[in-house]
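Enquirer: The structure's right below; bear with me while I get my questions together.
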Amino acid sequence: MEDYIQGIVCGYLTVQNGTSNDAKRRRMFVVLSDTHMDYYAVDPRPEFKEKIASTYAFDHSTQVHPYVEINPRAPMNSFCLITDKMTEVFIAESPAECAKWSQHLEERLQALSEVVKGTLLMREEISVNKQLQRKWLRSKYKWRPQCVELGRSTLRFWKSTERRTKLMQQFTLTSESYASEEPIEVLKPVFMTGSATSVGSLTPMELKKLPSDERLRQQVRGDVVFPLVVCTGPAHLYLAAPSDEIREQWISSIRMRVIALKYRHNRRNSTSDASSGSSSRFHGFMEVQFLPGAPWKKCYVELENEMLKVKANERLLGAKFETRLLPTCLLTPSLVKANAFSVKNRGQEISLAPGTLQDSQHWSKAIKQVTSSIPLARYERGFLDDVKSLLANSVVYTMEVPDGANAGLVVEKHNKRIFVLSHDTPNKESEAGRIPDGSVLMGITQIGMVHDSFETIWHKLRQKKGFHHPMTLTFRAPMCKIGLVDAKRRKKDDWELRRCVLGNGKLRVEALTFEEGIEAVLSSLTGTFKVLADLPLRLCRVELLTPEETGAPNVMKIVSETTTLFLRIHHDDDLVAWFVLLHLESAIALGGSQYPLSVSTMKKAKASLPGSGGVYEDQRRRFRECMIAGKRLAETEDIVRDLAPRIYQRARHDALRSRSEVESTDPEEVVVGLVPNNAGDLSDKDIQDFFMQFDVIGCGKISSMALSSTLDAITRHVSRPAREATTEVVNSALSKLVPPSRQYVPINLDQTMDVMKQITDVQVISAIRKFTLHEIQCM
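Take 1 as the starting number for the sequence shown in the UniProt record's numbering and just add one per residue.
Written out as structure tokens, the structure is:
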């Protein structure tokens, strides 16, 4: 759900009419205002021009309750509205979201008695394109009757004669708004139009003389109305009441709302801290160019809660253009029009031209202040719908394990997630049938029962219970992405073109020699490139940086325990795609509860067997219709793939020229470690605990083959040089203990210590310690 604008809350809910068990449920987009809820079949944002499918109006008997109070078997994330014994049930996506909807509903129901309703006349300007109508009416304005509703912070209105199929227009009140009286006017109805036009005005003295002055009554042929004006900055609204008493009531009610808003505004400013972000609101009329080369149009622009919106006028809830600002938002001056500047954000571009140079500087400064003060959690929340869509379309693999068979899997427990470290398959050259490293084990199906809770799965793996029955394992494969990005370690360094690979739950940055073709660079997740950084996403935090911080647009910062990386993406849409994928994979690796992974939550994702094309090809098919920031991910990938050859050739030309000019080569970069710095050497206790994993009966001896094969299995996921060096050292130490005529011998604890003391690689030591702590299991 989203607090879309002042006074409006909207989001998706599942709606059920009645409490019957067989009642039909529909997933609707719900817009909650002060007096009713509007249902849409599809998301109407940003313009809100879709037809309203249905409306639920509140009255003084409406109550909101948790649905479990009526139906004990109802889900915890459901609530219901009861009006005159008629019940409507709503199901949210989570209990937290259900609590927010219930809170907003209770606030509106408590304030329902304070809502002011009535029919007033509203002045509308006749379009400049209708000069004939202006000439016929002899006026630029016309008055129409409108049903007006004054809520807590908005004036909403709609035509009294039209059927409620569209969202009513609204005028937003702020702490800076004010309402005042206007001169009394005389209106004359226009034949067959349902509107009226002004034919003159009256003073209060003339109004008092009107009943007794016959001559004045002859001059005043029409209805006398009592106008009032409501202003919020440059935006204004002209209304007219049928009597002076009614006008006074409306003005008093509006002023009371403004006083309450001013109190809340001052209280919020006095209690807000730096982490809450900027809550200032800017609005006004200015010239807007939606596309480069398009005509300039006068529109109403709002900046509030990191949302920049452009509306046709101040009375509309929907916007012709809207964008949620990110720290990477770039402002550049425009030479096309005076006082103009362009805003580039999330792949969108729009040009704004305020009326004066001072206003232009004021708006530019306000946008920069907002983008520089957006906290990480807030702009991550802006991509929540896109992240959930990607998660629902994740690649899901299944694996059939016969009874008593070895699955060839090594898995690791981390933050209530079970990750695949490695999968040993008969055909090591093919991806067919191989579960990718970094996949999450979501469920075990056995004897018709599905086990998808972390505790149950890990208990079965540790106790090795049920392995004598056939079982089906379900995995969620990690997302992957390949691209060319500019990278550096420190802000003062120069940008260098690198191959960046997201896969297997890690972010890998590789150097380019510019001797290979562009197809070889972008075609495969693996390759022979030199690895400069290999960062597990469980140890990383992803942030977006402003252009002022880095001196370049589209920059991300990857922060881990061992290093910091700055990545500059060449395309705006690709920046959003990289950020969303990295954020999602990092949250999953960290065990974030906002993205639950189980067979039940991932039931929309179709499970399949691993194909020969690997997870990269399977993901491209699954993500064909997924969208990020309003653009299909497949379209972004095509744009970036078309752009990559030009970037590669330009960097290759610069690299060859620099090599010819400078004889010395760049210094060797350090490969980032994969484990914390406190790994240390294996202690006697570590080796003793490792020994006890094999000596379960306490005989004091273990098999040398079991030691060798287990070390080979639990280190299959570490880097190849470390694995090969460890295998060579262990085999060399065991060869002194095992006679040539035998394949294995029993060895005691002292001999095991002599062998294990030879291991010095920190990655292997970390894997051994996790194995002794039962955080790694072999299946």
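Backbone N, C-alpha and C define an ideal beta-carbon position, used for all residues, glycine too.
(1) To the nearest angstrom, report how far apart D273 and Q369 are at their CA atoms.
(2) Closer than 7 Å: is that where the CB of D572 sits relative to any heavy atom of the ligand ATP?
(3) Do A533 and T563 have their beta-carbon atoms positioned less than 8 Å apart in this structure?
(4) Is it buried or exposed for I697, if we count other Cβ within 10 angstroms and need 16 for buried?
(5) Alpha carbon to alpha carbon, what distance is there between N339 and I126?
(6) Is it buried or exposed for R641, if we count other Cβ within 10 angstroms and need 16 for buried?
(7) With a cut-off of 8 Å, do at least 3 Cβ pairs link the stretch 249-264 to the stretch 169-184?
(8) For K388, name the three-state secondary structure that DSSP assigns.
(9) Hey, is the stretch 577-586 in contact with the stretch 523-541, meaning 3+ C-beta pairs nearer than 8 Å?
(10) When you compare each of V531, Q619 and E548 to P721 by their alpha carbons, which one comes out closest?
(11) Flag W296 as yes if its beta-carbon sits less than 8 Å from any beta-carbon of chain D, otherwise no.
(12) May I ask which residues mark the beginning and end of the beta strand (DSSP E) holding G614?
(13) Check whether the stretch 391-402 touches the stretch 615-630, counting contact only when three or more Cβ pairs, one atom from each stretch, lie closer than 8 Å.
(14) Under the rule that 16 or more other beta-carbon atoms within 10 Å means buried, what is G18, buried or exposed?
(15) Considering Cα atoms alone, identify which of E306, A294, W296 and V310 is closest to G284.
(16) What are the complete alpha helix (DSSP H) segments, minimum 4 residues, inside the stretch 493-561?
(17) In this structure, what does DSSP give as the bridge partners for G284?
(18) Considering only the beta carbon of each residue, do E181 and R257 sit closer than 8 Å?
(19) Starting from D750, trace the beta strand (DSSP E) both ways and give me its first and last residue.
(20) I'd like the span of the beta strand (DSSP E) that includes N345, first residue to last.
(21) In three-state DSSP terms, what is R156?
(22) For A41, which residues from the same chain have a beta carbon less than 6 Å from its beta carbon, with the 5 sequence-adjacent residues on both sides left out?
(23) Please report the Cβ distance between S372 and T550, rounded to the nearest whole angstrom; I am assuming they are in contact, meaning their Cβ atoms lie under 8 Å.
(24) Compute the Euclidean distance between the alpha carbons of L316 and T165, then round it to the nearest angstrom.
(25) Identify which residue in L330, R417, D424 and E306 has its Cα closest to the Cα of R324.
(26) Compute the distance between the beta-carbons of T62 and L32, then report whether it is under 8 Å.
(27) With C-beta atoms as the reference, is F419 less than 8 Å away from M442?
(28) Tell me F579's beta-bridge partners as DSSP assigns them.
(29) Name the DSSP beta bridge partners of W143, please?
(30) Just the C-alpha distance for A57 and R25, rounded to the nearest angstrom, thanks.
(31) Alpha carbon to alpha carbon, how far is L409 from R434?
(32) When burial is assigned at 16 or more other CB atoms within 10 Å of the CB, is M756 buried or exposed?
(33) Please list the terminal residues of the continuous alpha helix (DSSP H) segment that includes I184.
(34) Three or more C-beta pairs under 8 Å: does that hold for the stretch 500-508 against the stretch 479-490?
(35) Do three or more CB pairs link the stretch 732-751 to the stretch 645-654 at distances below 8 Å?
(36) What's the call for G200, buried or exposed, on a 16-neighbour Cβ count within 10 Å?
Expert: Working from what's here:
(1) Any answer about D273 is weak, because its pLDDT of 44 lies below 50 and its placement is not dependable; what the coordinates show is given next. Cα-Cα distance, rounded: 15 Å.
(2) With respect to the ligand ATP, the structure offers nothing, as it holds no ligand at all.
(3) yes
(4) exposed
(5) 29 Å
(6) exposed
(7) yes
(8) helix
(9) yes
(10) V531
(11) The question asks about chain D, but that chain is absent: this structure has only one protein chain.
(12) Here G614 belongs to no beta strand (DSSP E); instead the alpha helix (DSSP H) covers G614 to R622.
(13) yes
(14) exposed
(15) V310
(16) 518-522 and 547-550
(17) V301
(18) no
(19) No beta strand (DSSP E) contains D750, which is instead part of the alpha helix (DSSP H) from L749 to M756.
(20) F341 to N345
(21) strand
(22) A53
(23) The pair is not a contact, with the Cβ atoms about 12 Å apart (cut-off 8 Å).
(24) 15 Å
(25) E306
(26) no
(27) no
(28) Answer is none; F579 lacks a bridge partner.
(29) R123 and A196
(30) 19 Å
(31) 10 Å
(32) buried
(33) No alpha helix (DSSP H) holds I184; the beta strand (DSSP E) holding it covers I184 to P189.
(34) yes
(35) no
(36) exposed
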